[in-house]
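Peer 1: For reference, the structure I am asking about is given below.
Numbering (the UniProt record's numbering), first residue to last: 1 to 342.
Next comes the structure, spelled out in structure tokens:
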């Protein structure tokens, strides 16, 4: 292992340490948290030979820039972005070799997605809370980087000397999501709460909603038509899944994210399908969303297809990195079921 220093010359609006979130903490009242776009985060790590849940960086807006003091292997995923290495254009969603002293610059296209992810082969040095590097502002665990920050990296990357294997490494089956220019379509599974609001299914499926600036890591607040229950009967507080479509007292629709409160007393009329959650993690102010009702079986089938693509990438990457003399990452277990997530 070699210790490499990463000097951050720019961190954009917000850059934080991230991973795929906490496991087993919700019974203690702590949300799972983690990367808003779990797909992009997992793929970034696999592209550099890390376990999919390894610590990486999440950038929200602006330009992220860093200079390593030794050669490193990194990958940039997430929203479409302009990536340069030493001033020369480089590809996203692909492993990149960055020579010592060369500056990497990453500027995401905020009109097509809000977050980019940067993974580097090895282990980034950072604090953890309840077993995760993911920030949690309510717990006082910020994890934000500032320009001038220095982050240590433990890596076994030494550059590629085995040239016959380079093509195998860089021709990986990468499942790159689409970031369309028009309204994004989000699959949603109805819940029993829909029965408490007559006509809400038709209203939601016919409307176009717009993400407002009031949105944050807890959830997306959407401008658009909603209906409310005809009765004033109080709803007993209940568990709230990630991706829940919640209708508060105000005339807005909320889609709850990974840092949502764990209980609530508002009607829940649907839950975003798990395969749609990464897209919601990329939706920023002004983004138009449309909702498409599907059944639970279709939701599970679509997520299984997405998961099979990620696993195929993991297998191909492990073989390529093993051939290059890297220690392949441990096999990745199946993702834990998210509480009440469909």
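Backbone N, C-alpha and C define an ideal beta-carbon position, used for all residues, glycine too.
With a cut-off of 8 Å, do at least 3 Cβ pairs link the stretch 113-125 to the stretch 35-50?
Peer 2: Taking 8 Å as the limit for Cβ pairs, the verdict is that the stretch 35-50 does touch the stretch 113-125.
Peer 1: By DSSP's criteria, residue 235 is part of a beta bridge. Which residues make up the other side?
Peer 2: Here residue 235 refers to the residue found at position 235 when the chain shown is read from its first residue. Looking at the DSSP assignment, residue 235 forms no beta bridge with any residue, so it has no partner.
Peer 1: Which full runs of the beta strand (DSSP E) of 3+ residues lie inside the stretch 174-242, going along the chain?
Peer 2: Note on the stretch 174-242: whole beta strand (DSSP E) runs with a minimum of 3 residues are 184-190, 209-211 and 219-223, in chain order.
Peer 1: Rounded to the nearest angstrom, what separates residue 308 and residue 231 at their Cα positions?
Peer 2: Translated into positions along the chain shown, residue 308 becomes position 308. Translated into positions along the chain shown, residue 231 becomes position 231. Cα to Cα, residue 308 sits roughly 45 Å from residue 231.
Peer 1: Within 10 Å of its beta-carbon, does residue 91 have 16 or more other beta-carbons around it, so buried, or fewer, so exposed?
Peer 2: Taking the first residue of the chain shown as 1, we reach residue 91 at position 91. The residue in question, residue 91, is exposed, as its Cβ has fewer than 16 Cβ neighbours within 10 Å.
Peer 1: Could you name each continuous beta strand (DSSP E) segment of 3 residues or more that falls completely within the stretch 97-136, going from the start of the chain to the end?
Peer 2: 104-108 and 115-120
Peer 1: Under 7 Å Cβ to Cβ from residue 109, same chain only, skipping five residues before and after it: list those, please.
Peer 2: Here residue 109 corresponds to residue number 109 of the chain shown, with the count starting at 1. Excluding residues within five positions, the ones whose Cβ falls inside 7 Å are 79, 80 and 81.
Peer 1: For residue 104, which option in 52, 240 and 68 has the closest C-alpha, if you only look at C-alpha atoms?
Peer 2: Taking the chain shown and counting its residues from 1, one reaches residue 104 at position 104. Minimum Cα distance to residue 104 is reached at 68.
Peer 1: Give the single residue among 188, 287, 43 and 28 whose Cα lies nearest to the Cα of residue 175.
Peer 2: In the chain shown, the residue the question calls residue 175 occupies position 175. The shortest Cα separation from residue 175 among 188, 287, 43 and 28 belongs to 43.
Peer 1: Taking one C-beta from the stretch 288-295 and one from the stretch 313-322 each time, how about it: are there three or more such pairs within less than 8 Å?
Peer 2: As far as the Cβ criterion goes, the stretch 288-295 does not touch the stretch 313-322, which means the pair count is below three.
Peer 1: So, helix, strand or coil for residue 147, using DSSP?
Peer 2: If you number the chain shown from 1, residue 147 lands on position 147. Looking at residue 147 - three-state DSSP - the assignment turns out to be coil, as it is neither helix nor strand.
Peer 1: How far does the beta strand (DSSP E) with residue 349 in it extend, from its first residue to its last?
Peer 2: This structure cannot speak to residue 349, because the chain is shown only from 1 to 342.
Peer 1: May I ask you to report which of helix, strand or coil DSSP gives residue 282?
Peer 2: By 1-based counting over the chain shown, the position of residue 282 is 282. Coil, per DSSP.
Peer 1: Taking only the alpha-carbon atoms, compute the straight-line gap between residue 18 and residue 285 and give it to the nearest angstrom.
Peer 2: By 1-based counting over the chain shown, the position of residue 18 is 18. By 1-based counting over the chain shown, the position of residue 285 is 285. Taking the straight line joining both Cα atoms gives about 22 Å.
Peer 1: Quick one: residues in its chain with C-beta nearer than 8 Å to the C-beta of residue 153, no 5 flanking neighbours on either side, listed in chain order?
Peer 2: Sequence index remark: in the chain shown, residue 153 carries index 153 (1-based). Within the same chain, residue 153 has close Cβ partners 3, 4, 5, 6, 68, 72, 120, 122, 123, 124 and 125.
Peer 1: Tell me residue 23's beta-bridge partners as DSSP assigns them.
Peer 2: To locate residue 23, count along the chain shown from 1; it is residue 23. Partner(s): none; residue 23 has no beta bridge.
Peer 1: May I have the straight-line CA-CA distance separating residue 192 from residue 66, to the nearest angstrom?
Peer 2: Translated into the one-based positions of the chain shown, residue 192 becomes position 192. Translated into the one-based positions of the chain shown, residue 66 becomes position 66. Roughly 49 Å separates the two Cα atoms.
Peer 1: Whole angstroms are fine: how far does the CA of residue 131 sit from the CA of residue 36?
Peer 2: Position 36 of the chain shown, counting from 1, holds the residue named residue 36. Position 131 of the chain shown, counting from 1, holds the residue named residue 131. Taking the straight line from one Cα to the other gives about 18 Å.
Peer 1: For a test of the three-state rule: what should DSSP assign to residue 352, helix, strand or coil?
Peer 2: This structure cannot speak to residue 352, because the chain is shown only from 1 to 342.
Peer 1: Rounded to whole angstroms, what's the CA-CA distance from residue 358 to residue 301? Just pull it up for me.
Peer 2: The structure shown does not extend to residue 358, since the chain spans only 1 to 342, so no value can be given for it.
Peer 1: With three or more C-beta pairs closer than 8 Å as the rule, is the stretch 83-99 touching the stretch 51-60?
Peer 2: No: fewer than three Cβ pairs fall under 8 Å.
Peer 1: Expressed to the nearest angstrom, what Euclidean distance is found between the alpha-carbon atoms of residue 294 and residue 228?
Peer 2: For the purposes of this step, residue 294 is taken as residue 294 along the chain shown, with counting starting at 1. For the purposes of this step, residue 228 is taken as residue 228 along the chain shown, with counting starting at 1. Residue 294 and residue 228: Cα-Cα distance of roughly 22 Å.
Peer 1: Using C-beta distances below 6 Å, list every residue in its chain close to residue 184, excluding the 5 sequence neighbours before and after it, in chain order.
Peer 2: The sequence position of residue 184 within the chain shown is 184, counting from 1. Taken in chain order, the residues that qualify are 279 and 289.
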